[in-house]
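Here the protein sequences line up with chains D and C, keeping their order. Just so you know, we're using our numbering here: the first sequence kicks off at 2 and counts up by one. Just so you know, we're using our numbering here: the second sequence kicks off at 3 and counts up by one. Just so you know, even glycine gets a beta-carbon here, dropped at the ideal spot from N, CA and C.
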Amino acid sequence: GDSVTQMEGPVTLSEEAFLTINCTYTATGYPSLFWYVQYPGEGLQLLLKATKADDKGSNKGFEATYRKETTSFHLEKGSVQVSDSAVYFCALRHRRNTGFQKLVFGTGTRLLVSP
Amino acid sequence: DTAVSQTPKYLVTQMGNDKSIKCEQNLGHDTMYWYKQDSKKFLKIMFSYNNKELIINETVPNRFSPKSPDKAHLNLHINSLELGDSAVYFCASRPSDRDRDEQYFGPGTRLTVT
Numbered sequence: 002g003d004s005v006t007q008m009e010g011p012v013t014l015s016e017e018a019f020l021t022i023n024c025t026y027t028a029t030g031y032p033s034l035f036w037y038v039q040y041p042g043e044g045l046q047l048l049l050k051a052t053k054a055d056d057k058g059s060n061k062g063f064e065a066t067y068r069k070e071t072t073s074f075h076l077e078k079g080s081v082q083v084s085d086s087a088v089y090f091c092a093l094r095h096r097r098n099t100g101f102q103k104l105v106f107g108t109g110t111r112l113l114v115s116p
Numbered sequence: 003d004t005a006v007s008q009t010p011k012y013l014v015t016q017m018g019n020d021k022s023i024k025c026e027q028n029l030g031h032d033t034m035y036w037y038k039q040d041s042k043k044f045l046k047i048m049f050s051y052n053n054k055e056l057i058i059n060e061t062v063p064n065r066f067s068p069k070s071p072d073k074a075h076l077n078l079h080i081n082s083l084e085l086g087d088s089a090v091y092f093c094a095s096r097p098s099d100r101d102r103d104e105q106y107f108g109p110g111t112r113l114t115v116t
């Protein structure tokens, strides 16, 4: 079945450091790919998405490129802030024949940014 | 003006009890979900409803019974609670438009079974 694999955390960085969180997927067909972010004590929020190969999703300084050849969707940010500390989830959308979608999540990667 | 709300936020109860968690969305979405997040932050879908009809049931024990009185509400009832049910439960919703990918999550309900 479809699955998403993320790098294990926590990822600990100093403010203004460069961030990469790796995500690879296994899926039939051509899924849509997402990054969700969960801040402490809150629900998940969509951070960015890409719906087809070579698409780049971006939001709040974060970027991820849909790489079909490597089945990857790595999350990057050039300069992290303390406020970016959160758990980041990579996910893919499994579209059933009926059209109803199901999200398959990775295990999440915790990011800790220190001043 | 909360989009997806859940009650209660925290729930502490003993093994064997029956409890319910409520979810409401005011976004006009047709599809709603329940997810379970364990202590390691692993998030897994449990159920999905579309216009009050069950469309996804991910091999969840029969002790869990979702109920959707209308398309704005999806409640989760759990019978005979077990220690392993301790987790954070998230409700989410999504519009039925196939091109709208976003799921909107509630703040979660932390269930602790003692």
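Span of the beta strand (DSSP E) around residue i
| i | result |
| --- | --- |
| V114 (chain D) | 110 to 115 |
| V38 (chain D) | 33 to 39 |
| Q46 (chain D) | 45 to 51 |
| L20 (chain D) | 20 to 22 |
| L14 (chain D) | 12 to 15 |
| A65 (chain D) | 63 to 66 |
| T77 (chain D) | According to the sequence displayed, residue 77 (chain D) carries Glu and not Thr. First-last of the beta strand (DSSP E) with E77 (chain D): 76 to 78. |
| G58 (chain D) | 57 to 60 |
| L13 (chain C) | 12 to 15 |
| V5 (chain D) | 4 to 7 |
| L113 (chain C) | 111 to 115 |
| K38 (chain C) | 33 to 39 |
| K69 (chain D) | Here K69 (chain D) belongs to no beta strand (DSSP E), and DSSP marks it neither H nor E. |
| T29 (chain D) | Element bounds for T29 (chain D): n/a, residue is neither H nor E. |
| K21 (chain C) | 21 to 27 |
| V6 (chain C) | 6 to 9 |
Proximity of residue i and residue j at Cβ, strictly below 8 Å
| i | j | result |
| --- | --- | --- |
| F90 (chain D) | L45 (chain D) | yes |
| L47 (chain D) | A87 (chain D) | no |
| I22 (chain D) | T108 (chain D) | no |
| T111 (chain C) | P10 (chain C) | yes |
| L45 (chain C) | S95 (chain C) | no |
| N77 (chain C) | K24 (chain C) | yes |
| K21 (chain C) | L85 (chain C) | no |
| Y51 (chain C) | F92 (chain C) | no |
| K53 (chain D) | Y40 (chain D) | no |
| G79 (chain D) | G62 (chain D) | yes |
| G108 (chain C) | Q8 (chain C) | yes |
| C24 (chain D) | V5 (chain D) | yes |
| D32 (chain C) | S88 (chain C) | no |
| Q105 (chain C) | A74 (chain C) | no |
| T72 (chain D) | Y26 (chain D) | yes |
Per-residue contacts from residue i into chain D (C-beta, under 7 Å)
| i | result |
| --- | --- |
| E104 (chain C) | L47 |
| S7 (chain C) | Result: empty, since nearest Cβ-Cβ is about 10 Å, beyond 7 Å. |
Neighbour list for residue i in chain C, Cβ cutoff strictly below 7 Å
| i | result |
| --- | --- |
| F106 (chain D) | L45 |
| G88 (chain D) | Per the sequence shown, residue 88 (chain D) should be read as Val rather than Gly. Ordered by position in chain C, the residues that pass the 7 Å Cβ test against V88 (chain D) are K43. |
| K61 (chain D) | The premise fails here: K61 (chain D) is roughly 15 Å from chain C at the closest Cβ pair, so nothing lies under 7 Å. |
| E77 (chain D) | What E77 (chain D) touches in chain C: nothing, since even the nearest Cβ is about 21 Å away. |
| R94 (chain D) | D103 |
| S33 (chain D) | D103 |
| K57 (chain D) | Chain C residues near K57 (chain D): none, gap ~16 Å exceeds 7 Å. |
Under 9 Å from the C-beta of residue i: neighbouring residues of chain D
| i | result |
| --- | --- |
| F66 (chain C) | Within chain D, no residue comes near F66 (chain C); the closest Cβ sits about 17 Å away, beyond 9 Å. |
Beta-carbon separation (whole angstroms), residue i vs residue j, contact threshold 8 Å
| i | j | result |
| --- | --- | --- |
| L104 (chain D) | A92 (chain D) | 5 Å |
| V83 (chain D) | L20 (chain D) | Actually they do not touch by this definition, with Cβ atoms about 13 Å apart. |
| L49 (chain D) | A65 (chain D) | 6 Å |
| S115 (chain D) | S15 (chain D) | 6 Å |
| I47 (chain C) | E60 (chain C) | 5 Å |
| M34 (chain C) | S70 (chain C) | 7 Å |
Contact list for residue i against chain C, beta-carbon separation under 8 Å
| i | result |
| --- | --- |
| E43 (chain D) | P109, G110 |
| K53 (chain D) | The premise fails here: K53 (chain D) is roughly 12 Å from chain C at the closest Cβ pair, so nothing lies under 8 Å. |
| K69 (chain D) | None at all; the shortest Cβ gap to chain C is about 18 Å. |
Closer than 9 Å at the beta carbon, the chain C residues around residue i
| i | result |
| --- | --- |
| G109 (chain D) | Q39, K42, K43, F44, L45 |
Where residue i meets chain D, residues with beta-carbon distance less than 8 Å
| i | result |
| --- | --- |
| F92 (chain C) | G44, L45 |
Can you give, in chain order, each stretch of the beta strand (DSSP E) that sits fully within the segment 51 to 98 of chain C and has at least 3 residues? Listed in chain order, the complete beta strand (DSSP E) runs (minimum 3 residues) inside the segment 51 to 98 of chain C are 55 to 59, 66 to 69, 77 to 80, 89 to 96.
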